[in-house]
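Asker: Quick one: the structure is below, questions incoming.
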Amino acid sequence: MRLTRVIATVTVTLAALAVPTAAQAVDPTPPPTTGPSASTPSLDVPDPLAIAPSAVTELTTLALRYEANLSVAEDRRKEAVERQRDADRQRTIARAYVAQVVEYAMSPNGDPFAQKLTALAAAENPEDLITGIFSTEQVTEAQEGHLGDAKRAFDAAQVLQARADRATKIAEKAEASAARQLKQVGKIAKQLGLGASSTPAGLPQTRVEQESWNAASTTAWKRYTRQLTRLGVKAPPAGRLKATRGVGRATVGSTTVEVLPAQTIRMINALVGRIGDDYAARNASGAWSCGGLLQVKGGYDLSGTPAQLYARTVKVRKAQMLRGDLVFSANKASGVHHVGVYIGGGRMIDAPATRAQVGVSSVPEKPYAITRPSLGTGRNTPPKGTASSPTTVCNATKATAATRQGWTFPLKQGTYSISAGFGMGGSMWQSTHTGQDLAAPAGTPIYASRGGVVKLEEIGWAGTLVTVSHPDGTAERYAHSSKVLVQDGQTVNAGDEIALVGSRGNSTGPHLHFEIQVDGKFIDPMPVLVQYLTNSGAGKGWGGYSNGQVPRGVLCATGDTMLRCDVAKRAKRLAADFRGKFDEPLEFRAGYRDIVGQIQRGPEGTLVDIPGTSPFGWGTRFELGSLKKAEQAWVAKRARALGLKAEGGNAWSLPTA
């Protein structure tokens, strides 16, 4: 599907179905371009029109259509309820008039007219009998007046009922469309592995299985060290076992046991004790990264990067692996980038960014190399990465592709909700909507989406219109700001704060109206932003995953939410301390959201985030339920002590490197 088809589909659907929200502006038809003269887009800044739709872009398109249909369905359901209520009220009025006629005209002799009125009073649809009664000579003038009022009320009820039925049918149709779109979202996500990413090779599929691996390897190692102690076997220094390739044998009675060097035993003892510790980008106290190993007093020199460790240790064959051997991973882009320590049973202890904790993994089927520190100094030449800078997060699922630079989202995550979309029609605009509205509180900072030259104009519909132009003929425009923080002619960089959200001009509520122009023509900002931004956090996040595509097997449960395990550890501690202080549970309302889970609606009835950009898409942020004032103050103090950062709205996160 070409991008133009994606945009066209969204435009038609939204124009036909979506109902304007409160934070929309009466924006104009495309005005004359305010940017520089048109030119051929340069190679440095790709032409936004040429961007092929990505999987996330397609999901975003479906999400917007889904949201628009739900908006229609909700509005028509509300209308149907109101019309049904009005119809029922008219029927009640009509029945009251009929009851008056019956009470007035009834006589004890049971004449035919009285019998007819009795039937009228008991009828399920008394309006069906009213016409016949009007032709009866026994109807008095007063009775005829009451029955006329009843008939008019019944007629009004029928009109209202018809409107309620029509609104219900429209709602049902929109709901059916939304259901189909949501099903399509799930189908695409499943086909592409989005929102349900597979666990990286070498890691368990679930956290329960991870804990089982950790426990089994720990138990097996402790059983070995206890056996040495029980048999009275003292491990010799590595130098004494060098002649036997770093391992010895001891026989006590009928038992023969493998004897490892003392330095190896010290190293593995220390590493086993670190299982469950946080991953860190660099080695530090309390953390161990896959870019190096823990230094142990009286052990081997394990300082330096994996490549440096590989270069100075002695290689051995995989078939000859011993506990304590170093297991290295490498690829063409980054060279040697990961190291683990073999602990037996085909398992190793490592600290991959893909798990965010020290734990037990499977030894790769084809490791780059295996070396043995106990054999002294080796002379190996590590491969050099082909990338100018490392592009692989250590032990990531795959090399992290370099991302396009120079773009940022105009509002920070968590500060906005998605409002009126591109191409929407309606009375709010002279023609169709020329940009994307993002509803946000007044005063919310607005950031330059790309670097360029600023132009300021006072325009009725926009207030001060801020345009950031580029030599390639493209430009971004920002409208309705309450305050502009840049000067005309100023050069800004992507991410610079340029204005504050407001409601100036033709606007019904505070929001940012954001536009992208290519050679003076307006294009849908969403596919462009999604294409550039959804995966831009891969190098800044963890594990090489994209936003909303973290496999659940590497996450940990905290109540009903899933979080990255180092964050979950802190969240659980916070919850335990909260219960100890206030004798009640701490509610966790939100944690990790995959891409499909990000297609949800906020309190204002619009999408909370563009799928693939949610701050909850990394599993490093969680949101708590409502708290009393004293509880809130306590949580704030305790959470900060645990290294968590306040994100506003009862949300907390663990800052990442």
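Heads up: the sequence shown is residues -25 to -1, 1 to 632, going by mature numbering (1 follows the signal peptide of the UniProt record, and there is no 0). Yeah, the Cβ is synthetic: ideal placement off N, Cα and C, and Gly gets one too.
Hey, which unbroken runs of the alpha helix (DSSP H) at 4 residues or more fall wholly within the region 240 to 315?
Answerer: Entirely contained in the region 240 to 315, the alpha helix (DSSP H) runs reaching 4 residues are, in chain order, 281 to 287.
Asker: For residue 149 versus residue 38, is the C-beta spacing smaller than 8 angstroms?
Answerer: No.
Asker: Which residues bound the alpha helix (DSSP H) around residue 409?
Answerer: Here residue 409 belongs to no alpha helix (DSSP H), and DSSP marks it neither H nor E.
Asker: With the cut-off set at 8 angstroms, would you say residue 309 and residue 322 are in Cβ contact?
Answerer: No, the Cβ-Cβ distance between residue 309 and residue 322 is not below 8 angstroms.
Asker: With distance defined between alpha-carbon atoms, name the residue in 353, 320, 250, 194 nearest to residue 285.
Answerer: The shortest C-alpha separation from residue 285 is found at 353.
Asker: Can you have a look at residue 416 and say buried or exposed, based on whether 16 or more other CB atoms are within 10 angstroms of its CB?
Answerer: It counts as exposed.
Asker: Below 8 angstroms, how does it come out for the region 278 to 293 and the region 222 to 236: are there three or more Cβ pairs, yes or no?
Answerer: With a cut-off of 8 angstroms, the region 222 to 236 and the region 278 to 293 do not count as touching, because too few Cβ pairs lie within range.
Asker: What residue range does the beta strand (DSSP E) around residue 222 cover?
Answerer: First-last for residue 222: undefined, no H or E at that position.
Asker: State yes or no: is the C-beta of residue 275 within less than 8 angstroms of the C-beta of residue 311?
Answerer: It is not a contact, given that the beta carbons lie outside the stated cut-off.
Asker: For the pair the region 598 to 610 and the region 560 to 577, tell me if three or more CB-CB distances fall below 8 angstroms.
Answerer: Segments in contact, yes.
Asker: What are the boundary residues of the alpha helix (DSSP H) that includes residue 596?
Answerer: Careful: residue 596 lies outside any alpha helix (DSSP H), inside the beta strand (DSSP E) at 596 to 599.
Asker: Output the distance between the C-alpha atoms of residue 407 and residue 394, rounded to the nearest integer angstrom.
Answerer: The alpha-carbon atoms of residue 407 and residue 394 are separated by roughly 14 angstroms.
Asker: Can you tell me whether residue 14 is helix, strand or coil according to DSSP?
Answerer: Residue placement at residue 14 is flagged as unreliable, the pLDDT there being 30, under the threshold of 50; the coordinate-derived value follows with that caveat. Residue state, collapsed to three classes: coil.
Asker: Residue 427 by DSSP, collapsed to three states: which one?
Answerer: The answer is strand: DSSP assigns residue 427 an E or B state.
Asker: What is the rounded straight-line gap between the Cα of residue 193 and the Cα of residue 474?
Answerer: In a straight line, the C-alpha of residue 193 is about 56 angstroms away from that of residue 474.
Asker: Cα separation between residue 303 and residue 294?
Answerer: Rounded to the nearest angstrom, the two C-alpha atoms are 15 angstroms apart.
Asker: Quick one: grab the DSSP three-state call for residue 497.
Answerer: Residue 497 falls in the strand class under three-state DSSP.
Asker: Apply the 10 Å Cβ neighbour rule to residue 60 and answer buried if 16 or more other Cβ atoms are within range, or exposed otherwise.
Answerer: Classification for residue 60: exposed.
Asker: When the Cβ atoms of the region 604 to 612 are set against those of the region 546 to 559, are three or more pairs found closer than 8 angstroms?
Answerer: Flag = yes, the region 604 to 612 and the region 546 to 559 touch.
Asker: Which residues bound the beta strand (DSSP E) around residue 563?
Answerer: Residues 563 to 565.
Asker: Please list the terminal residues of the continuous alpha helix (DSSP H) segment that includes residue 609.
Answerer: Taken as a continuous stretch (DSSP letters only), the alpha helix (DSSP H) holding residue 609 covers 604 to 616.
Asker: Taking the alpha carbon of residue 231 as the point to measure from, which residue in 476, 206, 62 has its own alpha carbon closest?
Answerer: It is 206.
Asker: Going by DSSP, what residue range makes up the alpha helix (DSSP H) through residue 440?
Answerer: Run containing residue 440: none in the alpha helix (DSSP H); it sits in the beta strand (DSSP E), 438 to 444.
Asker: Using the three-state DSSP reduction, which class does residue 589 fall into: helix, strand or coil?
Answerer: Coil at residue 589, not helix or strand.
Asker: In terms of residues, what are the limits of the alpha helix (DSSP H) holding residue 343?
Answerer: No alpha helix (DSSP H) holds residue 343; DSSP gives it neither H nor E.
Asker: Nearest by alpha-carbon distance to residue 68: which of 120, 44, 494, 132 is it?
Answerer: That would be 132, whose Cα lies nearest to the Cα of residue 68.
Asker: What does a CB cutoff of less than 6 angstroms around residue 434 pick up in its chain, not counting 5 residues either side in sequence?
Answerer: 440, listed in sequence order.
Asker: Using CA atoms only, rank isn't needed, just tell me which of 154, 75, 145, 134 is closest to residue 123.
Answerer: Cα-wise, what sits closest to residue 123 is 75.
Asker: According to DSSP, is residue 459 part of a helix, a strand, or is it coil?
Answerer: Of the three classes helix, strand and coil, the one that applies to residue 459 here is strand, per DSSP.
Asker: Where residue 55 and residue 135 are concerned, what is the direct C-alpha to C-alpha distance, given to the nearest angstrom?
Answerer: Rounded to the nearest angstrom, the two C-alpha atoms are 9 angstroms apart.
Asker: Please classify residue 539: is it buried, with 16 or more other beta-carbons within 10 angstroms of its beta-carbon, or exposed?
Answerer: Residue 539 comes out buried.
Asker: Tell me whether the beta-carbon of residue 389 lies closer than 8 angstroms to the beta-carbon of residue 500.
Answerer: The answer is no: Cβ separation not under 8 angstroms.
Asker: Please determine, among 250, 62, 143, 241, the residue with the shortest C-alpha to C-alpha distance to residue 190.
Answerer: Closest option to residue 190, Cα to Cα, is 250.
Asker: DSSP state of residue 530, grouped into three classes?
Answerer: Three-state DSSP puts residue 530 in a strand.
Asker: Taking the Cβ atom as the reference point for each residue, do residue 421 and residue 449 lie within a distance shorter than 8 angstroms?
Answerer: The answer is no: Cβ separation not under 8 angstroms.
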